[in-house]
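Numbering (the numbering used here), first residue to last: 72 to 862.
This is the structure we're talking about:
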């Protein structure tokens, strides 16, 4: 294939294909003229309001209302063709497994215009906005017929004035409940000046119900909460009535009675073979031995006998037991005591997963873990999992993995690298405070605030899990180098809520031992800085080795979601401080173990992304990332494996992995192909993508990438690579397009990156790569094959 083929020579063929495609996919000719069928091809919505609404507010509201359409136009592939409808007409009357598969997975029935459904859509819009507090909202529509086969519907939604809350009051004939309502009034969802939004009123019912159920009212339900309004103009006084005169006034306050735990879903006292009582909680098992130690379960049960009934205690018990990861099903059921009517006993029952499970598989992957180019990887793995290994809900995971990476562009050396990994993880579902480290941090005061907040420390103690890891990794880049990496950590994981996750490694020891190949000097020999950074290293941490904080938000009502990941890594601090004390007391001596140096560095990295779904077929995504790493003490260079790089399928796709940078450095003797070796101390990169459907499972994307890496100090072998006040001029820019196969179990991604702006001037002083369209050829695009979305 001639990769230098100009795009202008391809253009006529592309136009011919586009000309033929509509004739092959013209689905309107399949419509039934006798029934007057028309294909709905467009919906539009115009929103009007007395008060001014910004573009962002209108867009967000239109997205929120998009789920209320009764009729939605069929998706277009490439924004032009309706392939799925064509497949529907092609195979709807056929029989056979293939036709059934087409109808189930690919075909889509045409959206036929129906005025009754259109009227229902207008009613949906009107009623929804009236629930939001726009009590005079109204919606009308107009339908335009396009030719004899198509229809377009335009909706106009007039919101009218927004009705708001002037004052909120609480009332109940039960004095005890009235006292609780007054105590909880500040937490009300009905705020002064807030909209008369039906969602807030429903949330207020649930809030009051939860407050009462956590104070002994076990059988209180939201139906016992009513709202009375007194309006003047668009402002309303709201009275929240709880337990009106028509409701039952026999609501009782209950207490917890006996708490029993059974090692089966159906409690059966006749089959009990072993039982015990621990801190007033009864444990029973139908087997000779408890599946899980009662002492382990007792810590997770928040229901305490002879205490006030709290629904929160039951819900937290269910969450705690499920978080242990060993139960297939958990039941926590209160029931009345036959002798004491104001007491509720609680039965806890569960079924467990199989204790031992073994699995494995073969995966397609893309790896950025080594100096690499355009690679296709195949990974085979064998894993074993032992839940409840010590009968305390401990989890042991063992994984064996062997990977091969193939250089799809090099026929002389098809196998680029091989990797063997053996990893073992032991997780305890409880928190052990290592040397009282975390308790000490929680007591350190910085100004008016504690270094570690009480809420976070309490959450860590209550929900933290302790993790012990031990692994060995061998990686070989054929003819270049190989290394042996031994890794051991002791740390914690905690998830304060569904969106946030923390991981800490208090103790971490990594031993790196490289072996140099015959072509190692050809890769690094030109740069002593990088060559010296690739040596035998020992990475250590005994108080804090690393920390990772991840925030992954749920999509909001506007189709937005955020992701943020922060990582901090520290090596050698304790060794450095002890070494300094030793040297001061005895003699100046740098500690080593045999021929291995203790590496001393601090590495910080942050990445954040923002995704917005404008519709079910159009999504925009933005990402910004930065990282900094520096050596201290007697470590002169940051280890090569800890330095930053850019380029490749998850970074700046117009350049290959480690090809770009640092700064405005331009290699006078660039390698003919991968592997590339550029790495540095500081990274800044960003991406923007517009994602849209193409056909079947395939989606398309247009993207723009940018960024670079820099060193902190001038590098004689790489002039212009250091970070300066005007380093923004070194930003490289690339663009391109991609195709993604979004299958059920994985996403296969193929992106073509095109260089727009290089960080250094060419021979004519130009930074921009393309001068005119005639310079554009297929060879100018850098292909990237990977698994999963880039961000």
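Virtual Cβ for every residue (Gly too), placed ideally from N, Cα, C.
Classify residue i: buried if its beta carbon has 16 or more other beta carbons within 10 angstroms, exposed otherwise.
i           : result
residue 406 : exposed
residue 347 : exposed
residue 367 : buried
residue 486 : exposed
residue 293 : exposed
residue 267 : buried
residue 576 : buried
residue 516 : exposed
residue 157 : buried
Quick one: Cα of residue i to Cα of residue j, how far?
i           : j           : result
residue 245 : residue 427 : 55 Å
residue 205 : residue 135 : 15 Å
residue 109 : residue 133 : 25 Å
residue 684 : residue 759 : 14 Å
residue 626 : residue 632 : 5 Å
residue 303 : residue 124 : 25 Å
residue 354 : residue 379 : 22 Å
residue 840 : residue 823 : 16 Å
residue 850 : residue 653 : 60 Å
residue 540 : residue 791 : 41 Å
residue 520 : residue 612 : 27 Å
residue 326 : residue 279 : 19 Å
residue 95  : residue 273 : For residue 95, the predicted model reports a pLDDT of 42, less than 50, meaning its position is unreliable; a value from the coordinates is still stated below. One C-alpha to the other measures close to 52 Å.
residue 562 : residue 288 : 41 Å
residue 609 : residue 706 : 12 Å
residue 275 : residue 249 : 15 Å
residue 537 : residue 465 : 10 Å
residue 337 : residue 525 : 40 Å
residue 297 : residue 243 : 11 Å
residue 231 : residue 144 : 29 Å
residue 820 : residue 857 : 5 Å
residue 708 : residue 557 : 21 Å
residue 300 : residue 198 : 19 Å
residue 373 : residue 383 : 9 Å
residue 644 : residue 703 : 9 Å
residue 172 : residue 159 : 11 Å
residue 54  : residue 551 : Beyond the ends of the chain as shown, which are 72 and 862, falls residue 54; an answer cannot be given.
Hey, quick one: how far does the beta strand (DSSP E) through residue i stretch, first residue to last?
i           : result
residue 110 : 110 to 119
residue 511 : Unbroken run through residue 511 is the alpha helix (DSSP H), 508 to 514; no beta strand (DSSP E).
residue 857 : 852 to 858
residue 611 : 608 to 612
residue 662 : Element bounds for residue 662: n/a, residue is neither H nor E.
residue 780 : 769 to 781
residue 136 : First-last for residue 136: 126 to 136, but that is the alpha helix (DSSP H), not the beta strand (DSSP E).
residue 459 : Neither: residue 459 is in no beta strand (DSSP E) and is coded neither H nor E.
Counting along the chain, where does the alpha helix (DSSP H) carrying residue i start and finish?
i           : result
residue 156 : 154 to 162
residue 469 : First-last for residue 469: 466 to 478, but that is the beta strand (DSSP E), not the alpha helix (DSSP H).
residue 388 : 382 to 394
residue 368 : 365 to 369
residue 713 : First-last for residue 713: undefined, no H or E at that position.
residue 246 : 246 to 255
residue 279 : 269 to 284
residue 554 : Residue 554 -> not in any alpha helix (DSSP H); beta strand (DSSP E) instead, spanning 552 to 565.
residue 145 : Neither: residue 145 is in no alpha helix (DSSP H) and is coded neither H nor E.
residue 171 : 168 to 176
Across which residues does DSSP place residue i in a beta bridge pair?
i           : result
residue 672 : 642 and 702
residue 633 : 681
residue 229 : 119 and 209
residue 220 : Residue 220 is not bridged to any residue.
residue 192 : For residue 192, which the question treats as bridged, DSSP gives no partner whatsoever.
When the Cβ atoms of the stretch 327 to 346 are set against those of the stretch 404 to 423, are three or more pairs found closer than 8 Å? yes
Count the CB pairs spanning the stretch 770 to 785 and the stretch 803 to 810 that are closer than 8 Å, and state whether there are at least three. yes
Below 8 Å, how does it come out for the stretch 687 to 694 and the stretch 653 to 672: are there three or more Cβ pairs, yes or no? no
Below 8 Å, can you find three or more Cβ-Cβ pairs linking the stretch 615 to 624 to the stretch 661 to 673? no
Would the stretch 633 to 643 count as touching the stretch 667 to 678 if we require 3 or more Cβ pairs under 8 Å? yes
Would you check if there are 3 or more beta carbon pairs closer than 8 Å linking the stretch 735 to 742 to the stretch 763 to 775? no
Would the stretch 212 to 229 count as touching the stretch 189 to 198 if we require 3 or more Cβ pairs under 8 Å? yes
Below 8 Å, how does it come out for the stretch 204 to 220 and the stretch 280 to 289: are there three or more Cβ pairs, yes or no? no
Are there three or more Cβ pairs, one per stretch, closer than 8 Å when the stretch 154 to 173 is compared with the stretch 259 to 272? no
Does the structure place the stretch 747 to 756 close enough to the stretch 692 to 707 that three or more beta carbon pairs sit under 8 Å? yes
Is there contact here, the stretch 716 to 730 with the stretch 781 to 799, by at least three beta-carbon pairs under 8 Å? no
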